[in-house]
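Visitor: Okay, handing you the structure first.
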Amino acid sequence: MRDPNKPCLFCTPRSVTRRNALAYCARDSFPVSPGHSLVMPFRHCASFFDLTPEEVAACMALVGHERQALDDEFMPDGYNVGVNVGPAGGQSVLHVHVHLIPRYVGDHPRPQGGIRQVLPLMADYPRGGAAADEAEAALVPAWRPDGRGR
């Protein structure tokens with residue numbers, strides 16, 4: 224299988240749906256739902272946190288424009304918007320890209336929790352009280368077996 228980072232898959236824009244001076248948008252080649260789109264800065268940058276404020280603004284402007292186009296074309300019932308940062312965060316192409324994922328009623332049996340589903344053990348919201356305390360106590364061991372970060 225081809226390594227999407229050699230050369231960088233997103234440094235050569237393909238199938239661009241819209242663009243501005245600093246970023247562009249394209250449909251995902253492996254969509255998780257109809258209309259799944261990606262917004263990327265033209266400049267190669269691995270981490271969202273290393274983008275300039277202008278690049279962040281340019282990317283978010285395109286997210287808004289693409290959402291309107293997706294509303295018109297696919298009429299989704301909702302959206303997930305997300306950025307994976309680093310391999311531990313699920314980033315496989317090391318060039319910043321913002322996922323804009325249209326969601327549809329019935330596309331998941333339990334959509335509650337939305338983005339929390341990336342960590343299935345933490346997807347359910349605690350109801351408060353002892354359940355909330357128990358869930359919080361489980362966070363560090365679930366993420367760091369060595370307990371660091373507490």
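Residues in the sequence shown are numbered from 224 upward in steps of one, following our numbering.
The C-beta atom is built at its ideal place from N, Cα and C for all residues, glycine as well.
List the whole-angstrom C-beta distance separating A311 from A281, where the pair is believed to meet the contact cut-off of C-beta under 8 Å.
Guide: With a Cβ gap of about 27 Å, A311 and A281 do not count as contacting.
Visitor: Just grab the DSSP bridge partners of I324 for me.
Guide: I324 is bridged to N303.
Visitor: If you measure from the beta carbon of R225 to each beta carbon in chain B, is any gap under 7 Å?
Guide: The chain inventory of the structure shown lacks chain B, comprising one protein chain alone.
Visitor: What residue range is occupied by the uninterrupted beta strand (DSSP E) comprising R290?
Guide: Segment P276 to F297 is the alpha helix (DSSP H) holding R290; no beta strand (DSSP E) there.
Visitor: Would you list the residues sitting across from R241 in a DSSP beta bridge?
Guide: Its beta-bridge partners are C248.
Visitor: Pull up the distance between the alpha-carbon of P271 and that of E296, whole angstroms please.
Guide: In the sequence under discussion, the amino acid at residue 271 is Phe, which differs from the Pro named in the question. Approximately 28 Å, taken between the alpha carbons.
Visitor: Compare the Cα-Cα distances from V321 to each of S256, N307, T240 and R266 and report the closest residue.
Guide: Of S256, N307, T240 and R266, the residue nearest in Cα terms is N307.
Visitor: When you compare the segment 332-339 with the segment 250-257, are there three or more beta-carbon pairs, one atom per stretch, that lie closer than 8 Å?
Guide: The segment 332-339 is not in contact with the segment 250-257.
Visitor: Using the Cα positions of V262 and A292, report the straight-line distance between them to the nearest angstrom.
Guide: When rounded, the distance between both Cα atoms is 14 Å.
Visitor: Roughly how many angstroms lie between the CA atoms of P325 and G287, to the nearest whole one?
Guide: Near 13 Å, if we compare the C-alpha coordinates of G287 and P325.
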